[in-house]
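Chains V and B are the protein sequences, given in the same order. The opening residue of the first sequence carries number 3 in the numbering used here; numbering runs sequentially from there. The opening residue of the second sequence carries number 1096 in the numbering used here; numbering runs sequentially from there.
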Amino acid sequence: MHIPDGFLDAKTLITTAVVSAGAVGYGIKRANEKLGERQVPLMGVTAAFIFAAQMLNFPVAGGTSGHFLGAVLAAVLLGPWAACLIMAVVLVVQCLGFADGGLTALGANVFNMGVVGGILCYYIFVVLKKALPRTRSSFLSAVAVTSWFSVILASAVCAIELAVSGTSPLGVVLPAMVGVHALIGIGEAIITTVVVAVVLSTRPALVGSYDLPIIPHPAGGETQ
Amino acid sequence: MSKNMKTFIFVALLVSLFLAIFISPFASSHPDGLEKVAENKGFLERGEEWAAWKSSPIPDYAVPGLRGDALATGAAGLVGTVAVFLIGYGLASIIKPKSVEQAKGGPKGGQ
Chain V
3 MHIPDGFLDA KTLITTAVVS AGAVGYGIKR ANEKLGERQV PLMGVTAAFI FAAQMLNFPV
63 AGGTSGHFLG AVLAAVLLGP WAACLIMAVV LVVQCLGFAD GGLTALGANV FNMGVVGGIL
123 CYYIFVVLKK ALPRTRSSFL SAVAVTSWFS VILASAVCAI ELAVSGTSPL GVVLPAMVGV
183 HALIGIGEAI ITTVVVAVVL STRPALVGSY DLPIIPHPAG GETQ
Chain B
1096 MSKNMKTFIF VALLVSLFLA IFISPFASSH PDGLEKVAEN KGFLERGEEW AAWKSSPIPD
1156 YAVPGLRGDA LATGAAGLVG TVAVFLIGYG LASIIKPKSV EQAKGGPKGG Q
């Protein structure tokens, strides 16, 4: 859902750019206080995985494709603010390097995928996690539901931006965007849940939001 | 960084590179959700009239000048994945707390 130049009007572009710049700035400040040694390479490789996985468009109904977003994956591993930074890095490289997403719409894209997809959805994830029993499978269920919902929420915000910009009426664009992204979100949920489950069973200490006791890996690989 | 951590990062990076280089040529070329909605609702052309940034070295995930779509796409995946890894790693290295370096030799550091 990378917005190109020309879809949004000036007030929407400026508003989302200001909020995104603030979120990225605050994210840098928070990371400056919290980032641990092992999170440094993890941030690099999470960003790289998200970029790679975003290239893999999968077909959904009616001649449409969708691709991975990755914001909830980043947030579950590294927290909401690092997730926003990671999404910003991916989006800047895609915009400047690959002509994917407009330069004027960069702030809106970071807002939709980093601020809404990463930060806001992280807190939805936390609420959901607390409402569920404290088990590994509940944790993974919360990951699945939140990652599915993150795609829908980001697409709904994108639709609102299009409507506010006068590009398409809300009653037309909102159901269309949410409808197709409810399907794309299924792919998001599968990829995110599988990746988090794999990391949990190999290097559980890297799943920053996992607060259950870590059972030592049978192979003795866990040093935490 | 512990040896286990290095191994994890290395394997995760290899998986990412594998996806970007060898799987991306098989990705669906159908329009994505937003493009399809824009097409159906008649505002797609608004996004095709102009672009604020025209100097992308690898427009549309295909390295210019490479023969064959698969090669051009795979090469784009390689370049992009490495670039994003280095920028993400570099940014995190710059902004991590200074105390992380000092803590390495301290009582809580070292593994």
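Ideal Cβ placement from N, Cα and C applies to all residues, glycine included.
Item, Value
"Under three-state DSSP, which class holds T169(V)?", "coil"
"Taking A1170(B) as the query, report the chain V residues whose CB atoms sit under 7 Å from its CB, ordered along the chain.", "The premise fails here: A1170(B) is roughly 12 Å from chain V at the closest Cβ pair, so nothing lies under 7 Å."
"What does M179(V) touch in chain B if you count any residue whose Cβ is under 8 Å from its own?", "G1128, L1129, V1132"
"Beta-carbon of T225(V) versus every beta-carbon of chain B: anything under 7 Å?", "For T225(V), the predicted model reports a pLDDT of 44, less than 50, meaning its position is unreliable; a value from the coordinates is still stated below. Chain B, which has a Cβ nearer than 7 Å to the Cβ of T225(V), makes this yes."
"At a CB-CB cut-off below 9 Å, which residues of chain B make contact with C123(V)?", "Simply none; closest approach about 17 Å."
"CA-CA distance, H1125(B) and P61(V)?", "7 Å"
"With a 10 Å radius around its C-beta and 16 neighbouring C-beta atoms as the bar for buried, classify S22(V) as buried or exposed.", "buried"
"How would you label S170(V), buried or exposed, when you count the other beta carbons within 10 angstroms and need 16 or more for buried?", "buried"
"Using DSSP with H/G/I as helix, E/B as strand and the rest coil, what is V62(V)?", "strand"
"Taking a cut of 9 Å between CB atoms, which residues from the stretch 51-62 of chain V lie near chain B?", "F51, I52, F53, A54, A55, M57, L58, N59, F60, P61, V62"
"Any idea what DSSP makes of L10(V), helix, strand or coil?", "coil"
"Taking only beta-carbon atoms, is A49(V) less than 7 Å away from chain B?", "yes"
"Are any of the Cβ atoms in chain B nearer than 7 Å to that of D11(V)?", "no"
"Can at least three beta-carbon pairs, one atom from the stretch 139-157 of chain V and one from the stretch 192-212 of chain V, be found at a separation below 8 Å?", "yes"
"Does the Cβ of L122(V) have 16 or more other Cβ atoms within 10 Å, making it buried, or fewer, making it exposed?", "buried"
"Comparing the C-beta of G1189(B) with each C-beta of chain V, is any distance below 7 Å?", "Strictly speaking, residue 1189(B) in this sequence is Ile, with Gly absent from that position. It does not; no Cβ of chain V falls within 7 Å."
"Please tell me whether G187(V) has its Cβ less than 7 Å away from any Cβ of chain B.", "no"
"Mind the definition here: the stretch 1162-1171 of chain B touches the stretch 28-35 of chain V only if three or more C-beta pairs lie below 8 Å; say whether that holds.", "no"
"Can you tell me where the alpha helix (DSSP H) with N1099(B) in it begins and where it stops?", "1098-1113"
"Who are the Cβ neighbours of F53(V) in its own chain at under 6 Å, not counting the five residues just before and after it?", "V92"
"Any residues in the stretch 1136-1165 of chain B with a beta carbon nearer than 7 Å to a beta carbon of chain V? Which ones, in chain order?", "K1136, F1138, R1141, G1142, E1144, W1145, A1146, A1147, W1148, S1151, P1152, I1153, P1154, D1155, Y1156"
"Go ahead and pull the three-state DSSP assignment for G222(V).", "Below a pLDDT of 50, predicted positions are generally treated as unreliable, and G222(V), at 46, falls in that range; no measurement from the model is reported."
"Pair every Cβ in the stretch 1126-1133 of chain B with every Cβ in the stretch 1181-1193 of chain B, then say whether three or more of these pairs are closer than 8 Å.", "no"
"Along chain B, which residues have their Cβ under 8 Å away from the Cβ of F174(V)?", "Per the sequence shown, residue 174(V) should be read as Val rather than Phe. The contacting residues are K1136."
"Any idea if T14(V) is buried or exposed, counting beta-carbon neighbours within 10 angstroms, 16 or more meaning buried?", "buried"
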